[in-house]
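Using the numbering used here, you'd call the opening residue of the sequence shown number 1 and step up by one each time.
Cβ coordinates follow ideal geometry from the N, Cα and C atoms, glycine included.
Everything numeric in this text was worked out from a predicted model, so none of it was measured.
Here the structure comes first, spelled out in structure tokens, and everything after it is commentary.
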Amino acid sequence: MDTKTTYINTVKGKVLLFGGVYSNLQALEALIKVAEKENIAPENCFCTGDIVGYCAQPEETVQTFINWGAHSIIGNVEQQLRNREVNCGCDFTEGSRCDVFSKAWYPFAQNQLSEASINWMQTLPNYISFTYANKKIFMVHGSYHYISEFIFKSTPWKNKISSFNETNCDVIVAGHSGLPFTDEKDSLLWLNPGVIGMPANNAKPHVWYAILNDTNGFSYSFHTLSYNYKKANTLMTEQQLPPAYAQTLLTGFWDNMEILPQEERLWKGRDLFKIINH
Numbered sequence: 001m002d003t004k005t006t007y008i009n010t011v012k013g014k015v016l017l018f019g020g021v022y023s024n025l026q027a028l029e030a031l032i033k034v035a036e037k038e039n040i041a042p043e044n045c046f047c048t049g050d051i052v053g054y055c056a057q058p059e060e061t062v063q064t065f066i067n068w069g070a071h072s073i074i075g076n077v078e079q080q081l082r083n084r085e086v087n088c089g090c091d092f093t094e095g096s097r098c099d100v101f102s103k104a105w106y107p108f109a110q111n112q113l114s115e116a117s118i119n120w121m122q123t124l125p126n127y128i129s130f131t132y133a134n135k136k137i138f139m140v141h142g143s144y145h146y147i148s149e150f151i152f153k154s155t156p157w158k159n160k161i162s163s164f165n166e167t168n169c170d171v172i173v174a175g176h177s178g179l180p181f182t183d184e185k186d187s188l189l190w191l192n193p194g195v196i197g198m199p200a201n202n203a204k205p206h207v208w209y210a211i212l213n214d215t216n217g218f219s220y221s222f223h224t225l226s227y228n229y230k231k232a233n234t235l236m237t238e239q240q241l242p243p244a245y246a247q248t249l250l251t252g253f254w255d256n257m258e259i260l261p262q263e264e265r266l267w268k269g270r271d272l273f274k275i276i277n278h
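This is the structure in structure tokens:
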């Protein structure tokens, strides 16, 4: 029996996909309101992990997520937290700006979280699998083989195909990279809904999620989420969390592009809807 995967039978109706809440309570609360407005029940809401991260309210965010009742797989941050590790496991280059910043926000999150929240993280699966509109969906955080692997639209297909081969699925829903995108080949679809905890480096403070729809077969759409980013910024500043990340909430620009391939670096400040739907 595969205890690392939660298998759900056929899911019907609209499905909300998102990731990277990053301790951004204001964004999570706004997304919950979207789900309610769209009449999407919590059991049809799926997170790709990293509920905890850079922002100022890790405990409140986890407890709000638990009370909401949505599904989530484990992100590398939750994996590290539940294992009592000393770093976030994001696979940042040692000494990079992201690595240096993580040495500030990760201990803060670790110190803020209750035992109840850590114990809940112990229950999160590595993967979730379900059937939707006659397609087999499989959720991973980075990739099937490595939770912290950065997969982008420009990542060669040879790096993506192994996740499909291992899972025998039609659609991979993934997170970790922080950017929304799709990549399709031979009727296989890699879909990253983006994250709600930080903007997508496109000069806008809004964040991203996706909705699946089975009204006329399988379809998907990307959406931006507006929320009280000024409050999230203020809370980060008050807690003396990395100022560069707090500033990103306001400007929509990443502090650096260390993790990005060359193609995704060119997305900076651009209209992502045009890129995503190209």
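Item	Value
Going by C-alpha distance, which of Asn277, Gln262, Leu225 and Met121 is nearest Gly252?	Leu225
Are the stretch 163-177 and the stretch 127-145 touching by the rule of at least three beta carbon pairs closer than 8 Å?	yes
Does DSSP put Ser282 in a helix, a strand or coil?	No answer is possible for residue 282: it lies beyond the span of the chain, which begins at 1 and ends at 278.
May I have the straight-line CA-CA distance separating Ile32 from Cys45, to the nearest angstrom?	9 Å
Please report the distance separating the alpha-carbon of Leu81 from that of Cys88.	8 Å
Considering only the alpha carbon of each residue, which of Ala41, Leu249, Tyr229 and Asn202 lies closest to Ile276?	Asn202
For Met257, name the three-state secondary structure that DSSP assigns.	coil
Which residue from Thr234, Gly178, Ala232 and Gly197 puts its Cα closest to that of Glu264?	Gly178
Could you tell me whether the Cβ atoms of Ile73 and Tyr22 are closer together than 8 Å?	no
At 3 residues or longer, what runs of the beta strand (DSSP E) sit wholly inside the stretch 184-256?	188-192, 207-213 and 219-225
Once you ignore the five residues that flank Leu235 on each side, which residues in its own chain have a CB closer than 6 Å to its CB?	Ala56
Taking the continuous alpha helix (DSSP H) assigned at Leu272, which residues delimit it?	Leu272 to Ile276
Entirely within the stretch 130-164 and at least 3 residues each: give me those beta strand (DSSP E) ranges in chain order.	135-139
For Ile147, which residues from the same chain have a beta carbon less than 7 Å from its beta carbon, with the 5 sequence-adjacent residues on both sides left out?	Asn76, Gln79 and His141
Thinking C-alpha only, which one of Gly49, Asn228, Ile66 and Pro180 is nearest Phe152?	Pro180
Check whether the stretch 107-116 and the stretch 160-168 touch, using three or more Cβ-Cβ pairs below 8 Å as the test.	no
Helix, strand or coil: how does DSSP classify Tyr127 here?	strand
I'd like the span of the beta strand (DSSP E) that includes Leu7, first residue to last.	Here the sequence assigns Tyr to residue 7, which means Leu is not the residue at that position. Note, Tyr7: beta strand (DSSP E), Thr5 to Ile8.
Would you be able to state if there are at least three C-beta pairs under 8 Å between the stretch 64-71 and the stretch 211-228?	no
With 16 as the cutoff for other CB atoms within 10 Å, does Met1 come out buried or exposed?	Summary for Met1: the model assigns pLDDT 37, below 50, so the residue's position carries little reliability; its value from the coordinates is reported in the next sentence. Exposed, by the Cβ-count rule.
Using alpha carbons as the reference points, say which of Gly194, Phe150, Glu238 and Ala210 lies closest to Leu260.	Phe150
Restricting to runs no shorter than 3 residues, where is the beta strand (DSSP E) found entirely within the stretch 31-113?	45-47
Since Leu266 is in the beta strand (DSSP E), which residue starts that stretch and which ends it?	Run containing Leu266: none; DSSP gives neither H nor E here.
In three-state terms, what does DSSP make of Leu17?	strand
Within the same chain, show all residues whose beta-carbon is closer than 8 Å to that of Leu266, passing over the 5 residues directly before and after it, in chain order.	none
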